[in-house]
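So the sequence lines, in the order shown, correspond to chains S and V.
By numbering that gives the first Met the number 0, the letter at position 61 of the first sequence is numbered 60, and the numbering carries on one by one without gaps.
By numbering that gives the first Met the number 0, the letter at position 262 of the second sequence is numbered 261, and the numbering carries on one by one without gaps.
Glycine included, each C-beta is placed from N, C-alpha and C at the ideal position.
These notes concern the structure reproduced below.
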Amino acid sequence: MSAQPELRVEREGQPKKAVDLLFGDLWGYAPAPESTGPVRFEKRYGHFIDGEFVAGDKWFASVNPATEEPLVEVAEADEAMVDRAVQSSRKAYDKYWKKMKGSERAKYIFRIARMIQERARELAILESMDGGKPIKESRDIDVPLAAAHFFYYAGWADKLEYAFPGGKPQPIGVAGQIIPWNFPLLMAAWKLAPALAAGNCCVLKPAETTPLTAMKLAEILQEADLPPGVVNIVNGFGRTGAAIVNHADVDKIAFTGSTDVGKIIQRALAGTKKRLTLELGGKGANIIFEDAPIDQAVEGIIDGIFFNQGHVCCAGSRLLVEESVAETVIRKLGHRIQTLRVGDPLDKNTDVGAINSKPQLEKIQELVDSGVDQGAQKHQSRCDLPAKGYFFRPTFFTDVSPSHRIAQEEIFGPVLSVMTFRTPEEAIERANNTPYGLSAGIWSDKGSKLFKIAGAMQAGVIWGNTFNKFDPTSPFGGYKESGFGREGGRHGLLPYLEIG
Amino acid sequence: MVKNPSSYVPPRVPTVDEVGVKERAAEFASRSIKKAAKVEGLKLVVRMMDLTTLEGSDTPGKVLQLCQKARHPIHGFDDVPPVAAVCVYPPLVKPAKAALEGTDIKVAAVATYFPSGQADLADRLDEVRRTVADGADEIDMVISRGDFLAGHYGKIFDEVAATAEACKPAHLKVILEVGELQTFDKVRLASQIAIDAGADFIKTSTGKIPSAASVPVTLVMLETIRDHFLKTGKMVGMKPAGGIREAKDALRYLVMVKETLGDAWLSPDWFRFGASSLLNDVLMQIVKEKTGRYQSHRYFSVS
Numbered sequence: 000m001s002a003q004p005e006l007r008v009e010r011e012g013q014p015k016k017a018v019d020l021l022f023g024d025l026w027g028y029a030p031a032p033e034s035t036g037p038v039r040f041e042k043r044y045g046h047f048i049d050g051e052f053v054a055g056d057k058w059f060a061s062v063n064p065a066t067e068e069p070l071v072e073v074a075e076a077d078e079a080m081v082d083r084a085v086q087s088s089r090k091a092y093d094k095y096w097k098k099m100k101g102s103e104r105a106k107y108i109f110r111i112a113r114m115i116q117e118r119a120r121e122l123a124i125l126e127s128m129d130g131g132k133p134i135k136e137s138r139d140i141d142v143p144l145a146a147a148h149f150f151y152y153a154g155w156a157d158k159l160e161y162a163f164p165g166g167k168p169q170p171i172g173v174a175g176q177i178i179p180w181n182f183p184l185l186m187a188a189w190k191l192a193p194a195l196a197a198g199n200c201c202v203l204k205p206a207e208t209t210p211l212t213a214m215k216l217a218e219i220l221q222e223a224d225l226p227p228g229v230v231n232i233v234n235g236f237g238r239t240g241a242a243i244v245n246h247a248d249v250d251k252i253a254f255t256g257s258t259d260v261g262k263i264i265q266r267a268l269a270g271t272k273k274r275l276t277l278e279l280g281g282k283g284a285n286i287i288f289e290d291a292p293i294d295q296a297v298e299g300i301i302d303g304i305f306f307n308q309g310h311v312c313c314a315g316s317r318l319l320v321e322e323s324v325a326e327t328v329i330r331k332l333g334h335r336i337q338t339l340r341v342g343d344p345l346d347k348n349t350d351v352g353a354i355n356s357k358p359q360l361e362k363i364q365e366l367v368d369s370g371v372d373q374g375a376q377k378h379q380s381r382c383d384l385p386a387k388g389y390f391f392r393p394t395f396f397t398d399v400s401p402s403h404r405i406a407q408e409e410i411f412g413p414v415l416s417v418m419t420f421r422t423p424e425e426a427i428e429r430a431n432n433t434p435y436g437l438s439a440g441i442w443s444d445k446g447s448k449l450f451k452i453a454g455a456m457q458a459g460v461i462w463g464n465t466f467n468k469f470d471p472t473s474p475f476g477g478y479k480e481s482g483f484g485r486e487g488g489r490h491g492l493l494p495y496l497e498i499g
Numbered sequence: 000m001v002k003n004p005s006s007y008v009p010p011r012v013p014t015v016d017e018v019g020v021k022e023r024a025a026e027f028a029s030r031s032i033k034k035a036a037k038v039e040g041l042k043l044v045v046r047m048m049d050l051t052t053l054e055g056s057d058t059p060g061k062v063l064q065l066c067q068k069a070r071h072p073i074h075g076f077d078d079v080p081p082v083a084a085v086c087v088y089p090p091l092v093k094p095a096k097a098a099l100e101g102t103d104i105k106v107a108a109v110a111t112y113f114p115s116g117q118a119d120l121a122d123r124l125d126e127v128r129r130t131v132a133d134g135a136d137e138i139d140m141v142i143s144r145g146d147f148l149a150g151h152y153g154k155i156f157d158e159v160a161a162t163a164e165a166c167k168p169a170h171l172k173v174i175l176e177v178g179e180l181q182t183f184d185k186v187r188l189a190s191q192i193a194i195d196a197g198a199d200f201i202k203t204s205t206g207k208i209p210s211a212a213s214v215p216v217t218l219v220m221l222e223t224i225r226d227h228f229l230k231t232g233k234m235v236g237m238k239p240a241g242g243i244r245e246a247k248d249a250l251r252y253l254v255m256v257k258e259t260l261g262d263a264w265l266s267p268d269w270f271r272f273g274a275s276s277l278l279n280d281v282l283m284q285i286v287k288e289k290t291g292r293y294q295s296h297r298y299f300s301v302s
């Protein structure tokens, strides 16, 4: 019989443990890159206005974060371009969309959903090239969910009176929608599908680092023969977003992004007629009780923080573990991060891809440094990182105190802060001890405990014995400084309707 | 040994969430194993194989053919290694042992009144001793599922411990027959009891009932092995058996072992496949990787 595995150093600064698992290269996986052959895209994209692609005059590059090479050039929309987009949407709203029967609107939305499915592979590859997320996630989660959202809301388009019995639901008008870079196509679907189903027209601004799939979506809208102007898409930075927010003829703003920007928008809209929904940051608590299914909870922790490199507003970035099982959970986490494969987003075996942009990588590094400086214990995967590209090793901290920056601020990267608790009351108190309130996870084999703790969570989305599960039928949104308004489900229609 | 079964305290094992286990199992299946990694993996699968025949119609002649196949799985591909073991009924141990003389291939035998285990413990132990005396290197025993499901855990511990003692110096594989235990919680408990009682390997199934090895149930058993190793430093082996017929499935198991227990278990000393029809599909894939073509079934010898 063969010898015991060799000694491994498990925790920095801790003595060697005699017994440990070795995750090495005895049998390695060969590279399995997804072919980019079938993917075609332009060198430059302007904006999508009135059903046509129009050029801009100021251009900037969107970089592939895995290679640091410019991928595509995009135009920056100024106020005049935004005005053109809003006017186009207003015209389309008055001329076609608000007069159209719900069942007719549904046909367009169903068609968009089907076309996303038909072009799923192309969209997934582009999403991974532009944003850095692993192909297995864009292929299995982002793109199918985006299609599912269009399918789901297409079904509501002719049933709005049944969604809100007794009311006379009417569309609001022109919606300005500003979306982030972490789920570019999916967030576009979350915004457009309910707005269109409810009878509104949209001006959408994708994030400056991830415009590509929005431009592909524009091609789909064009091919689907959506009446010109029903959806306009403008590219640009925060200035472009501000022009949308401040445009006088926009009736509603839907924003997903940082809490800081959300606050600016809310201030800007104070006293205007415009409606607002915000889906902002989070510092989700993932609570592990001692009676939890431990091995599955560890998978849930991994999924909660390393899914999409941790660029997830509802990430389970604060792990709260009952003290009696903390040592076990931490040891298992230490093993599990060694088996995460970090690297080329287009490799089908990659678990953690590239950090979306250089500034984001710097922000993550800065917060991790602060964790070390403030005395928390850093645990990191020993994996090799590619020589080029923005990558960060899966990381978790123990000995974290609630006053540490890494316990309070949203890191938006593959970094987890582990804290312990002793009683359910303490777990509730610690979980709610944050200005945010987007998500929480609870792990226990005891159903009564799950429901009790869930009821006490100040968070919009709560998962029991799982994490990061999304479905178009389920409303999603925040408490406290994580925002207001719900996306998904019947609730997701409300921000886009006047219920008379 | 537990002298008074009623005083036996079963081990505390973590609960298992079925949904979570199945999700994790599906992740292993999504790994893309191609080219060199595939060939290396498939050769490892051959080296880990317990080439099995467990039929009422087995004869010494049939076993001889199986042993030939075990030594030289395929003609003309010298880099395809021999299998780990052949697995037969006790009366066929002697002919198998003779046919494999001079090789490292082990002879495993299913003793303890396989597959039901429905016999007195004394009779089962007697069969084990005779089989080991005949030359078996490994004994695959079955637990009494009836006793286990009735909650007589002390009895299970005792019979495994007694069999482990009786089968020395042969290695003991303990078959839980997971299809009859049904829930992952029961599988986790049975795995721990078997390990505590001295199992060298734990094994999913007899292959005699429809519900046999699966990736999720094997994962639960591997996790038990992992926790035991981290607690005690003692390595225990794993053998999924029954229902693994395709090379693609076998590679999924290897992925799971690699990512759950690590490199130390990627060895025939610690992981085995119990299978009768898997070998030819693995060989077909190896030949395909070398030649670029799938060959007809006719080119692969029946065993």
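Residue i versus the options, residue with shortest Cα-Cα distance
i                     : options                       : result
residue 345 (chain S) : S:136, S:241, S:51 and S:324  : S:136
residue 108 (chain S) : S:185, S:155 and S:437        : S:155
residue 276 (chain V) : V:129, V:234, V:35 and V:52   : V:52
residue 228 (chain S) : S:95, S:114 and S:207         : S:95
residue 256 (chain S) : S:277, S:247, S:248 and S:236 : S:277
residue 29 (chain S)  : V:39, V:189 and V:27          : V:39
residue 144 (chain V) : V:190, V:23 and V:229         : V:190
residue 172 (chain S) : S:187, S:319 and S:272        : S:272
Contact with chain S by residue i, beta-carbon distance below 8 Å
i                     : result
residue 222 (chain V) : yes
residue 24 (chain V)  : no
residue 31 (chain V)  : yes
residue 265 (chain V) : yes
residue 262 (chain V) : yes
residue 258 (chain V) : yes
residue 36 (chain V)  : yes
Contacting residues, own chain, Cβ-Cβ under 6 Å from residue i (five flanking each side not counted)
i                     : result
residue 177 (chain S) : 204, 240 and 254
residue 496 (chain S) : 168 and 197
residue 47 (chain V)  : 83, 267, 270, 271 and 272
residue 464 (chain S) : 442
Cutoff 7 Å; reference residue i; Cβ partners in own chain excluding five residues on either side
i                     : result
residue 13 (chain S)  : Residue placement at residue 13 (chain S) is flagged as unreliable, the pLDDT there being 46, under the threshold of 50; the coordinate-derived value follows with that caveat. For residue 13 (chain S), where only same-chain residues beyond five positions count, there are no Cβ hits under 7 Å.
residue 375 (chain V) : The question about residue 375 (chain V) has no answer here: the residues shown for chain V are numbered 0 through 302.
residue 102 (chain V) : 70 and 81
residue 491 (chain S) : 193, 474 and 485
residue 261 (chain S) : 254, 277, 279 and 482
residue 186 (chain V) : 175, 177, 180, 216, 219 and 220
Extent of the continuous alpha helix (DSSP H) run through residue i
i                     : result
residue 183 (chain S) : 183-196
residue 232 (chain S) : Segment 230-232 is the beta strand (DSSP E) holding residue 232 (chain S); no alpha helix (DSSP H) there.
residue 110 (chain S) : 101-117
residue 221 (chain S) : 211-222
residue 78 (chain S)  : 78-91
residue 66 (chain V)  : 59-70
residue 250 (chain V) : 246-259
Residue i vs residue j beta-carbon contact at 8 Å
i                     : j                     : result
residue 309 (chain S) : residue 175 (chain S) : no
residue 230 (chain S) : residue 81 (chain S)  : no
residue 133 (chain V) : residue 68 (chain V)  : no
residue 171 (chain V) : residue 212 (chain V) : no
residue 316 (chain S) : residue 415 (chain S) : yes
residue 136 (chain V) : residue 87 (chain V)  : no
residue 339 (chain S) : residue 261 (chain V) : no
residue 512 (chain S) : residue 38 (chain S)  : Any question about residue 512 (chain S) goes unanswered here, given that chain S covers just 0 to 499.
residue 179 (chain S) : residue 213 (chain S) : no
residue 111 (chain V) : residue 162 (chain V) : yes
Cutoff 8 Å; reference residue i; Cβ partners in own chain excluding five residues on either side
i                     : result
residue 157 (chain S) : 100, 101, 102, 104 and 105
residue 219 (chain S) : 111, 114, 115 and 118
Residue-chain proximity (residue i, chain V), Cβ-Cβ < 8 Å
i                     : result
residue 18 (chain S)  : yes
residue 293 (chain S) : yes
residue 259 (chain S) : no
residue 470 (chain S) : no
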